[in-house]
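Notes to accompany the following structure.
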């Protein structure tokens, strides 16, 4: 027999494959189309008008005519009997993919007759809902270079409904799932409709949930210039007790495989948790103070000067950085801060980030910190050989840093690999997160040293936040 | 990375990456499609590609993940008709000795196969394999050791080994 290593090496040097199926220019053209779709929505009246015009043909087919009109719910009935805007997903809860995310553009309260899905044959009110909240989202590019790209019609819609009984909610769930699966020929202008096998969903609350992917078309030429795309949709339906939510996303384009679960698979458990009665009522009396981080807020304060080979960038936008927050496959729920800022410091052998968030009230910041700690406390991975966990040290009473450190073990022994740590603190209604990853270490001692450095270096930022929130 | 640089990158890397992904997943047509898709995404995300510092590794990783994802998805549902890049492919058959080697690789656990391909076919040093896979170097060394032993056994089971074209059981 031949040496298998030689065979592998020979394969590497001799394998040529067939001719390249597509020229580079075609690959770039396809890439440009992906880019246009991801950078779909720009801020501005004209763009929003186009998005609205696109959304109408799809949502207008909802069969909401007829049936019994349900009067607006009486909000004085008490917690749990009506749904509220805070029962819906917020920008902080939504996910899409790298370079794009969903952003709320409007909330429609207490209209059980409103359209909620193109395949719906009756309204939620007709199905027995006594109180409904809707929220529309648009997709935006989250990278700074995408501001000049045209709108292409991606959209997301969520409805949360309160029913008179759990049995009615369950019946509505079954009905809606049936409608989505059997929608062929029921949407105007659509000649092909194809629903796929349901995707599994793991709820953190009691109840039932499913995600149905459906592709259909054709999409109008103004949305699909090459004529080879279509509507790529996901519908997530979850029922828990007397409440039900429907989350639907629509992408105009071509099919994509999401490597860490589809967006609706990831959002639906959060939506189901949020709609629980009495779970998320915010403080109604926010602190009277600044609503934004000032322009001269120095998030980079305390970081060493940038040296050759390093880059540093400060930007508004997403509070969290994927590299440090998706280790568990679940993002912490950081609520809806009024303003955020993110900083990255990157060198050849290390990576550091900071995120600052200003909330409407102290409870918002405290809830976010608690979610961060809870997420990492429950995080762990075991691939059979390696076990990875995150050690979370709670903040001291009143004030202090939550310290989070990754520890990897093999057979119970700590493995020395890179050092990845995260620290977070609340001051007033502000949250500061700081984290780093560097070569070597990974031991508890190295983690402690890295955390000490993070906390020390971030102190000037914490002091700025204290002054801003009146806690200084 | 501008258009000319990308075209040069594509021309220089496409066949090599396709071969590597083929060795990892055992299906040349699927590998070709996924590498095409990965290159299209690379152009769409070229700033990210530039920042990565290792564009070929970025494409290879993306293509491999796409292939795994597509395979897993096919287990639960029929593929949608549309794809990001072109129609389904029918690539010319690979060399028979390569087919036999790939067939043997397919019998290895996914992690061992990936380590062997990246180290021996992509010619990456162990620390780069570890970085690309996202596990410590010690784990890669262990996977390589176990993979080599298993592959040797598998190939020795083949009648006449791989010489003379080997025996295909694909």
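Residue numbers (my numbering), protein chains in the order written: chain A, 331 to 802; chain B, 20 to 189. Using N, Cα and C, we set each Cβ at its ideal position, and we do this for glycine too.
With distances taken between CB atoms, is the gap from residue i to residue j smaller than 9 Å?
| i | j | result |
| --- | --- | --- |
| residue 2 of chain B | residue 40 of chain B | Absent from the structure is residue 2 of chain B, since the part of chain B shown begins at 20 and ends at 189. |
| residue 565 of chain A | residue 548 of chain A | no |
| residue 607 of chain A | residue 432 of chain A | no |
| residue 133 of chain B | residue 162 of chain B | yes |
| residue 539 of chain A | residue 568 of chain A | yes |
| residue 698 of chain A | residue 663 of chain A | yes |
| residue 723 of chain A | residue 733 of chain A | yes |
| residue 750 of chain A | residue 772 of chain A | yes |
| residue 798 of chain A | residue 604 of chain A | no |
| residue 629 of chain A | residue 677 of chain A | no |
| residue 489 of chain A | residue 665 of chain A | no |
| residue 468 of chain A | residue 435 of chain A | yes |
| residue 56 of chain B | residue 81 of chain B | yes |
| residue 562 of chain A | residue 511 of chain A | no |
| residue 26 of chain B | residue 358 of chain A | yes |
| residue 579 of chain A | residue 486 of chain A | yes |
| residue 491 of chain A | residue 513 of chain A | no |
For chain B, check one thing: does any of its Cβ atoms lie closer than 9 Å to the Cβ of residue i?
| i | result |
| --- | --- |
| residue 564 of chain A | no |
| residue 683 of chain A | no |
| residue 745 of chain A | yes |
| residue 550 of chain A | no |
| residue 335 of chain A | yes |
| residue 776 of chain A | no |
| residue 738 of chain A | yes |
| residue 446 of chain A | no |
| residue 494 of chain A | no |
| residue 338 of chain A | yes |
| residue 463 of chain A | no |
| residue 767 of chain A | no |
| residue 358 of chain A | yes |
| residue 354 of chain A | yes |
| residue 640 of chain A | no |
| residue 344 of chain A | yes |
| residue 673 of chain A | no |
| residue 821 of chain A | Residue 821 of chain A lies beyond the stretch modelled for chain A, which goes from 331 to 802, so this question has no answer here. |
Beta-carbon of residue i versus every beta-carbon of chain A: anything under 9 Å?
| i | result |
| --- | --- |
| residue 62 of chain B | yes |
| residue 44 of chain B | no |
| residue 79 of chain B | no |
| residue 39 of chain B | yes |
| residue 148 of chain B | no |
| residue 171 of chain B | yes |
| residue 59 of chain B | yes |
| residue 145 of chain B | no |
| residue 55 of chain B | yes |
| residue 74 of chain B | no |
| residue 140 of chain B | yes |
| residue 26 of chain B | yes |
| residue 99 of chain B | Legend: pLDDT at residue 99 of chain B = 36, less than 50; position of this residue unreliable, no value from coordinates given. |
| residue 96 of chain B | With a pLDDT of 32 at residue 96 of chain B, under the threshold of 50, the modelled position of this residue cannot be trusted; read the value that follows with caution. So, interface residue. |
| residue 123 of chain B | yes |
| residue 30 of chain B | yes |
| residue 22 of chain B | yes |
Measure how close the beta-carbons of residue i and residue j come, nearest whole angstrom, since I'm counting them as under 8 Å.
| i | j | result |
| --- | --- | --- |
| residue 667 of chain A | residue 687 of chain A | 4 Å |
| residue 577 of chain A | residue 598 of chain A | 6 Å |
| residue 338 of chain A | residue 139 of chain B | 4 Å |
| residue 684 of chain A | residue 425 of chain A | Not really, about 22 Å apart at Cβ, beyond 8 Å. |
| residue 499 of chain A | residue 571 of chain A | 7 Å |
Would you check whether the ligand FAD has a heavy atom nearer than 8 Å to the C-beta of residue i?
| i | result |
| --- | --- |
| residue 553 of chain A | Of the ligands one can find in the structure shown there are none, so the ligand FAD has no counterpart to examine. |
Pairing CB atoms from the segment 448-463 of chain A with CB atoms from the segment 528-541 of chain A, are three or more of them under 8 Å? Between the segment 448-463 of chain A and the segment 528-541 of chain A there are fewer than three C-beta pairs closer than 8 Å, too few to call the two in contact.
Say whether the segment 117-125 of chain B touches the segment 38-52 of chain B, bearing in mind that this needs 3 or more beta-carbon pairs closer than 8 Å, one atom from each stretch. The segment 117-125 of chain B, when compared against the segment 38-52 of chain B, does touch it at the 8 Å Cβ threshold.
Length-filtered (3 minimum) beta strand (DSSP E) runs lying within the segment 509-576 of chain A: Taken in chain order, the complete beta strand (DSSP E) segments of 3 or more residues contained in the segment 509-576 of chain A are 522-525, 538-547 and 560-570.
Entirely enclosed alpha helix (DSSP H) segments - the segment 51-81 of chain B, minimum 4 residues: Correct list: 65-71.
State whether the segment 753-773 of chain A contacts the segment 782-801 of chain A, with contact taken as three or more CB pairs (one from each stretch) at a distance under 8 Å. The answer is yes - the segment 782-801 of chain A touches the segment 753-773 of chain A, with three or more Cβ pairs under 8 Å.
Taking three-plus beta-carbon pairs below 8 Å as touching, is the segment 445-454 of chain A in contact with the segment 512-526 of chain A? Cβ pair count under 8 Å is three or more, so yes.
Ordered list of beta strand (DSSP E) runs contained in the segment 674-711 of chain A, each at least 3 residues: Taken in chain order, the complete beta strand (DSSP E) segments of 3 or more residues contained in the segment 674-711 of chain A are 680-688.
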